[in-house]
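Asks:
There are 2 protein chains.
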Amino acid sequence: MAEASGGAPLAIICGGGSFPGAVADAVAARGRRPVMFGIKGWADPAVIGRYAHHWIALGQAGRFFRLAKAENCRELLFIGSVLRPPLTALRLDWHTIKLMPRVIRFFRGGDDTLLSGVAGVAESGGLRVVGVKDVAPELFVPEGVLGQRQPSPRDYGDIDRALKLIATLGPFDVGQAAVVADGHVIAVEAAEGTDHMLARIAELRRLGRVTAPAGVGVLVKAPKPGQDRRFDLPSIGPRTIELVAGAGLAGLAVTAGSALIAEAEKTIASAERASIFVVGVREPGVAPRAQ
Amino acid sequence: MAEASGGAPLAIICGGGSFPGAVADAVAARGRRPVMFGIKGWADPAVIGRYAHHWIALGQAGRFFRLAKAENCRELLFIGSVLRPPLTALRLDWHTIKLMPRVIRFFRGGDDTLLSGVAGVAESGGLRVVGVKDVAPELFVPEGVLGQRQPSPRDYGDIDRALKLIATLGPFDVGQAAVVADGHVIAVEAAEGTDHMLARIAELRRLGRVTAPAGVGVLVKAPKPGQDRRFDLPSIGPRTIELVAGAGLAGLAVTAGSALIAEAEKTIASAERASIFVVGVREPGVAPRAQ
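Residue numbers (this note's numbering), protein chains in the order written: chain A, 11 to 301; chain B, 11 to 301.
1) Chain B partners of T204(A), CB-CB under 7 Å?
2) Is the beta carbon of W52(A) sitting closer than 9 Å to the one on S91(A)?
3) Kindly indicate which three-state DSSP category F150(B) falls into: helix, strand or coil?
4) Just checking my contact of A197(B) with V189(B) at CB under 8 Å: how many whole Å lie between their CB atoms?
5) Listing by chain order, which chain B residues have their CB less than 7 Å from the CB of A309(A)?
6) For P96(B), decide whether its Cβ has a neighbour in chain A, counting only Cβ atoms nearer than 9 Å.
7) Which partner residues of M46(B) appear in the DSSP bridge assignment?
8) Is the stretch 212 to 219 of chain A in contact with the stretch 256 to 264 of chain A, if contact means three or more CB pairs nearer than 8 Å?
9) Mind pulling the chain A residues with CB within less than 7 Å of V230(B)?
10) Any beta carbon from chain B within less than 9 Å of D183(A)'s own beta carbon?
11) Taking C-alpha atoms, which residue in A187(B), V220(B), L217(B) and I58(B) lies nearest to A32(B)?
12) For L97(A), which residues of its own chain have a beta-carbon under 6 Å away from its beta-carbon, when the five flanking residues on both sides are left out?
13) Could you tell me the alpha carbon to alpha carbon distance between P161(A) and D205(A), rounded to whole angstroms?
14) What alpha helix (DSSP H) runs, 4 residues minimum, are completely inside the stretch 146 to 221 of chain B?
15) Counting only beta-carbon separations shorter than 9 Å, does V142(A) have a partner in chain B?
16) Taking a contact to mean a Cβ-Cβ separation below 9 Å, would you say L270(B) touches V139(B) in this structure?
17) Would you decide whether V234(A) is buried or exposed? Buried here means 16 or more other CB atoms lie within 10 Å of its CB.
18) Classify P147(B): buried if its beta carbon has 16 or more other beta carbons within 10 angstroms, exposed otherwise.
19) T178(B) and F182(A): beta carbons closer than 9 Å?
20) If distances are taken between C-alpha atoms only, which option among L137(B), G154(B), A39(B) and K231(B) comes closest to M207(B)?
21) Does I58(B) come out as helix, strand or coil in the three-state DSSP assignment?
22) Counting only the same chain and skipping the five closest in sequence on each side, list residues whose C-beta sits under 6 Å from that of W6(B).
23) Just to confirm, are I169(A) and A187(A) a CB contact at a threshold of 9 Å?
24) Could you please give the first and the last residue of the uninterrupted alpha helix (DSSP H) stretch that includes R138(B)?
25) Which residues of chain B have a Cβ atom closer than 8 Å to the Cβ of I196(A), listed in chain order?
26) By DSSP, does G130(B) sit in helix, in strand, or in coil?
27) Using only the alpha-carbon positions, how far apart do T250(A) and P19(B) sit?
28) A36(A) to A284(B), Cα distance in whole Å?
29) Under the rule that 16 or more other beta-carbon atoms within 10 Å means buried, what is P244(A), buried or exposed?
30) Could you have a look at G90(B) and say whether DSSP puts it in helix, strand or coil?
31) May I ask you to list, following chain order, the residues of the stretch 251 to 272 of chain B that have a beta carbon less than 9 Å from some beta carbon of chain A?
32) Out of S280(B), G26(B) and N82(B), which one is the CA nearest neighbour of A56(B)?
33) Can you list, in chain order, the residues of its chain whose CB lies under 7 Å from that of E133(A), leaving out five sequence neighbours each side?
34) Do G247(B) and V287(B) come within 9 Å of each other at the CB atom, strictly closer than that value?
35) Taking all protein chains shown into account, do 16 or more other C-beta atoms lie within 10 angstroms of the C-beta of P30(B), making it buried, or fewer, making it exposed?
36) Considering only the alpha carbon of each residue, which of I23(B), R42(B), A34(B) and C24(B) lies closest to G17(B)?
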């Protein structure tokens, strides 16, 4: 897909965290020019400052389109964390106000509705929205165990149950993560996010409300079924490892080829040190790769 | 069902909270003698002390059966809160040790497995397990709005979505509660329990991660589909109201005829003061009452 506009600069709308930098590096390594559009309040100046960049506020669609045009971008990618903004925190420019009936509609649904709405708005501005898969496939977790620690048969049972749970929740557009310990679902992620959910498990364990022994239980992250893969992919990084270890879990599993890993070497080294496993598992319904 | 043994004393195994007292009052009001078996660490001495009572520790099945037999009980009811105990906290007597292969099996599944296991053990001891419905149906929330505050059409939309979510989660034996705000699922209860989940919403709101305005969103509690209705029914009370108000929600909905209300007058008065609604709604798949 990216071939068609392979030569033109890529507009990267950047939320928080290190992923925007990793995507830009991968794009630049392929000889294409990344143009960073940092979202104020979310993007890290140190991350986006390494490339050509502009700052935009949420809601400044008009400003973004002008700048992207001036930079000769024809494709656009969204990456990094941005929490669902409170409606009152949006600073709306005129272009966005014209789009308001659509914007309001996004906010009434779950995240998926919001995000596919954003893509529609972007495309109405003449830019094609691409995904990480199109420009930086090496940022995805591969299938198999990363590092030395292997999941046990019980862990694989927990992984299977969590994947089925996440798949079942698809129509409700809830979360991309759950924790299962020895067959028992102990947490389902919704608005709180993965980090908060893991901190909760550590707390419930202290309170005696999670009674699975330490070293039992798996964090599983997977895309929501049917979600637009150009946005909001499940991701892990060094911080995830720290919280999984703090929650006393055995390890974490993410879907191979659809979950992102930040600072892969550092993440895997942290997992080794904490004696937890990290495994890329096949998404339910995805056939094994032919080779 | 209760008619058969209507005259014999009823053994009530009491966890925490005020429900054991309310059930005993209802049983006594019908002219039947309640015998309270307080679970150490959970039952409130002031609640069970008003009737004939004994103390038992979790795992003391042998002691319980001896006492229940001496008291001429032929039926047994479980009521009140007891969290899934850590295996290491159980004090096992000989009768229980003989049952251990079964006990271990309960602990490997979710709560439903645990509870139907407990019923099986009780019945192997010659006692029939009854539910609140059999002895104190007046403790259930009736259908319709309790108090003055009415849910809006948006609230009913949120209620419907949450009921469907809870029904969908049935096979995973997760929780009995969820919070939906303007179509958006913001929390799903698992091991943390309702109170903790509501406290989380208050916190996420402070952090700006729940962006629905105050007064939008509903807590919904419903039994898990297929769960044994003799145990662990969804319940609400004055504390629930306090936390629903603290989470900035519009109100709460519970399934009529299958959710318990503690201190009904006090609960409804608190809801009025906090301007939140309380409504008993029909369970999905339950036909309207003929009359």
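Every residue, glycine too, gets a C-beta built ideally from N, C-alpha and C.
Replies: On the basis of the supplied data:
1) Correct list: empty, because the minimum Cβ distance to chain B is about 12 Å.
2) yes
3) strand
4) 4 Å
5) Chain A is shown only over 11 to 301; residue 309(A) falls outside these bounds and no answer can be derived.
6) Caution is warranted here: a pLDDT of 47 is assigned to P96(B), below 50, making its placement in the model unreliable, and the coordinate value is therefore given only provisionally. Yes, contact with chain A.
7) I22(B) and H63(B)
8) yes
9) Neighbours of V230(B) on chain A: none; closest Cβ ~13 Å, over 7 Å.
10) yes
11) I58(B)
12) Here the model assigns L97(A) a pLDDT of 46, short of 50, so the residue's position is not dependable and the matter cannot be decided.
13) 22 Å
14) 163 to 178 and 203 to 216
15) no
16) no
17) The residue you asked about is not Val; residue 234(A) is Lys in the sequence shown. Per the 10 Å Cβ criterion, buried.
18) exposed
19) yes
20) K231(B)
21) helix
22) Beyond the ends of chain B as shown, which are 11 and 301, falls residue 6(B); an answer cannot be given.
23) no
24) First-last for R138(B): R138 to V140, but that is the beta strand (DSSP E), not the alpha helix (DSSP H).
25) A200 and A201
26) helix
27) 55 Å
28) 54 Å
29) buried
30) coil
31) none
32) G26(B)
33) V139
34) Reading off the sequence, residue 287(B) comes out as Phe, not Val. Result no, Cβ atoms of F287(B) and G247(B) do not sit closer than 9 Å.
35) buried
36) R42(B)
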